[in-house]
Amino acid sequence: MVNVNTTAEAPSTSAPARDEQRKKGALERILIEIAWRTLWPIFWVIIRLLYRIRAVGVENVPAQGPALLVCNHLTWLDGFFIFITMKRRVRFLVYTPYTKNPVIAWLLRLGEVIPIASEAGPRAIVGALREASQALQNGEVVGIFPEGALTRTGFMLPFNRGVETILKKSPAPVIPMCLDRLWGSLVSHQGGKFFWKWPKAWRYPVTVMYGKPLPPDQKIWQIRQAVQQLQTECFILRREDHKPAHRQFVRMACRHPFRSCLIDGLTEGKELNFAKTLTGASLLAEALKPRLKDQQMVALLLPTTLGGALANVAIALLGKTSVNLNFTASREAMLSALAQCQIKTVVTARAFREKVKIDFGPGIEFIDLEDVGKAIPQWRRTLRYLQIVCLPGWWTEYVTLGLGSHRGDALATIIFSSGSTGDPKGVMLSHDNVIGNIESCLQAFDPLPHDRLLAVLPFFHSFGYTVTLWLPLVIGASGVYFPDPRQAKEIGELCKKYRCTLFVSTPTFLRFIIRRCEPDDFKSLRLLITGAEKLPRAVAEEFAAKFGITPMEGYGTTELSPVASVNLPDFKNEVIHQVGYKPGTVGHPIPGVSVRIVDPTDYSRVLPPGEVGMLLVKGPNVMVGYLNRPEATAEVLRDGWYVTGDLAKLDEDGFIT
C-alpha cells in the first residue's frame, strides 16, 4: 500500500515542477528576445561605425525554413559580421570557453549559441552536433566554422567533417559563405599579433559573401571548394576599390619618403629612398613622354638593376604598357615580340646594350637611359623631391603626376614565353592582375615594410615583374637588385651585407648557392621561395642543412601573374599547430586563388581529393589573354578558369601535388 501510494503521489508532485520549469524556460526565452531586440540595434550601430561592411548574396539565404551557413574563419568577430548582415537569427556553434568569458558570455547567450568543446571528448562533440541538427529540424538557421580554429597562416584550414554529420541527421540547404578583407585587421592574427597592432584604416572594409545554396548531400571537400571559390570572387570584387600598383607606390612614397626603397647590388653605397625613387621615375617619365607620344607599348632591354626598376615605374607612370625583352632568348624571338606589339622604341642602357651585343636593325629606335638622365637638370630633381616630401600624396598623384585616369583594367605589361616552339606568345597582364596577385601574396607571405627582398629574377619573368619589382614598392619595403642570378657568391655576400629577409629563386640557382656560398650568408632570411621548376627533395634538404632555412616550393605560370600556390612554414605554439608546409607538394593555393582538378576529357567533371586530373586555376591573377591570339586564349580560359595543361592532384587539406 505504501508503495502504491508513493507511486501515485510522484506524478502529483512532479507535474507542477515540470510546469514550473516550462514557465521558467518560456519566461527566459521572452527575456532573451526582449534583451536581443533592445541591445542588437546598439551593437549593430557600433559595428557599422568601426567597419565598412559590404554584404553580397544575402538573398541566397532562405527567408524561412532551415539552412546551414558554412564559413571561413579569420577573426574572433566573424559571427558578428554575419549577424548584422542577416535578417534571420543565426545559431552558431561556438567554442565552449568563449561562452564562459565574462566579457562576451552574455552576448553569446542572447545569440543562443551552441557550445562545442573538442577537448571534452567525442561525447560532448556529438552532443553539440545533435543540438545543431535539432535546430535545423526546428527550421532555424545554424552557422558553423568548419576549420575549427582561426587561421594563423592566412590560408584556409582543412574542414572538419562535423558538417556532414549535421546534414546526415537533418538535411538542409547548405549556404557557403566567405568573409574577406579581415586578415590584417586588429582582430586577426596577421603578423602573429592579435589586436596589438596599428589599425590600417578607419572603418576597415569587410566583405560578407553568401553563395548559392548547395544540396545537403555535398561532401566536405565540395563545400570547402565552394567556400574557396567565394573567396576568389571576393578578391575579384576588391578591384573596385584598388588603384594600380604605380599609384599605390606614389602614395607610399609620399607617406614614407625617407624609407629605404631601391638598393643597387652592383654599386657600393648606391641606395635610393622612396622619395628619390619617385623623383627619378617621374622625371624619367616626363623626359620619355615626347619620344613615346604615339606608342602605347614600350620595350625595355634592361637587367635587374636600379635603372631597370626606375624605367619600368616610369613607363607605368606614363600609362603605357611595358614589354621587358628576354635578352637571353634568340634575336629572332625578340624581333617577334617587337613585331607582335608593333613597338618602335626600346628603352635600354648603352653599357648593357654593348655588353649583350644586340642590334634590331632599321626601324627600331634605342633610348639610352644614360643620355636621358644627363638631360635632366639638378634644379628639377631638387624641386620634384621637395614636392614629394612636402606636399600631400593626393596632390602628387592627381596634380603633379596626373594619374587620376589610370585604371586597373589597363594593360600593365606583356610578358613573352621563351618561344622554343614557334613564335613566342605574349601574355597580357593588367594592373588588376598584378595588384591582385600582390594582395594574395601579402596574405600568404605576410611581407612587412621592414622586410628586405633579395631581387635577382629578371623583369621579363613574371615573378620578377610582380614580386621583385612591384610588391616592395606597394608595401613600403626595400629591395636589393642584382642582375645575374647565376653569380651565387655575390648574391650570398649581398644577402649577408644587407640582411635580406625574403628571397625568391629557382632550384637551379640554389644548387649554385649551395656550392659557392658560406653557411652564414643567408642566416637573415625568414622566407625562401622557389618556383619555375620542380624542387628536388635532396636540394631542399642540402640547402636547409647548410644554411638553416628550408626552401618553400611554390607553383605558378606567367598566365597567373604568376603565383598560384606556395608552401609556407608551419605555425606552431604551445597549443596550436597549423600545417603550411608539405614536402613533395607545390603548396596550398594562395588566398584569393581557387583550384580544381577535373577530368582531362571533361572539364565539367570535378575530381575528388586523391585523383589525378587536369589542374584549373581561377583568381584575380588570371591573365587577360594572349596578345592577338583569341583562339589560343579561348582554349585555355574557360569561364574564368585557366587550364594550366598540368596534371595534378589535391589532398584532403587542399595541397597540390
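If you want our numbering, it's the 1-based position in the sequence shown plus 106. Glycine included, every Cβ here is placed at the ideal spot set by N, Cα and C. If you're wondering where the values come from, they're calculated on a predicted model, not measured in any experiment.
- Positions of the beta strand (DSSP E) runs, each at least 3 residues long and wholly inside the stretch 478-561, are given as 517-522, 532-536 and 558-561 in order along the chain.
- For Ser584, the uninterrupted beta strand (DSSP E) segment begins and ends at Ser584 to Tyr587.
- About 5 Å separates the CB atoms of Val704 and Met720; that is less than 8 Å, so the two are in contact.
- Look at Met440 here: in three-state DSSP terms it is helix.
- The C-alpha of Ala415 is placed about 18 Å away from the C-alpha of Thr434.
- By the criterion of a C-beta distance shorter than 6 Å, Val495 is surrounded in its chain by Pro363 and Ala381, once the five residues flanking it on both sides are discounted.
- Of the residues Gly760, Gln324, Met315 and Trp289, the one whose Cα lies closest to the Cα of Lys274 is Gln324.
- Around the C-beta of Glu165, fewer than 16 other C-beta atoms lie within 10 Å, and the residue is accordingly described as exposed.
- Judged by DSSP in its simplified three-state form, Asp184 adopts helix.
- Look at Ala455 here: in three-state DSSP terms it is coil, with no helix or strand label.
- Pairing Leu608 with Leu559 gives a Cβ-Cβ distance under 7 Å.
- For Arg330, the three-state secondary structure derived from DSSP is helix.
- The closest CA to that of Val453, considering only Leu398, Leu497 and Ser442, is found on Leu398.
- The three-state reading of DSSP puts Leu336 in helix, counting H, G and I together.
- The residue among Phe149, Ile222 and Pro697 with its C-alpha nearest the C-alpha of Arg344 is Pro697.
- Sequence-distant Cβ neighbours of Thr664 in its own chain, meaning closer than 6 Å and more than five residues away, are Ile521, Val533 and Ser568.
- For Pro311, the uninterrupted beta strand (DSSP E) segment begins and ends at Tyr310 to Tyr316.
- The C-beta of Arg330 has 16 or more other C-beta atoms within 10 Å across all chains shown, which makes the residue buried.
- A distance below 6 Å between beta-carbons, with the five flanking residues on each side excluded, links Asp627 to the following residues of its chain, in chain order: Gly598, Cys601 and Lys602.
- The C-beta of Asn727 has 16 or more other C-beta atoms within 10 Å across all chains shown, which makes the residue buried.
- Of all C-beta pairs linking the stretch 387-406 to the stretch 480-492, three or more are shorter than 8 Å, placing the two stretches in contact.
- Per DSSP, reduced to three states, the secondary structure at Met658 is strand.
- For Thr707, there is no enclosing alpha helix (DSSP H), as DSSP gives it neither H nor E.
- Where Ala670 is concerned, the enclosing beta strand (DSSP E) starts and stops at Val669 to Val672.
- Assignment of His348 by DSSP, reduced to helix, strand and coil, places it in the coil class.
- A straight-line Cα-Cα distance of about 10 Å links Leu743 and Pro736.
- In the displayed model, Glu377 falls within a strand according to three-state DSSP.
- For Ala161, the uninterrupted beta strand (DSSP E) segment begins and ends at Tyr157 to Val162.
- Remark: C-beta atoms of Tyr604 and Thr411 do not approach each other more closely than 7 Å.
- Residue pairing of Thr259 in beta bridges, as defined by DSSP: absent, with no partner found.
- Straight through space, the alpha carbons of Lys688 and Ser239 are spaced by roughly 35 Å.
- With fewer than 16 other CB atoms across the displayed protein chains lying within 10 angstroms of its CB, Val505 is exposed.
- In this structure, the CA atom of Cys447 is about 30 Å from the CA atom of Asp347.
- For Gly413, the uninterrupted alpha helix (DSSP H) run begins and ends at Leu412 to Leu423, by DSSP.
- Residue pairing from DSSP places Trp747 in a beta bridge opposite Arg744.
- Within 10 angstroms of the beta-carbon of Trp747 lie 16 or more other beta-carbons, which makes it buried.
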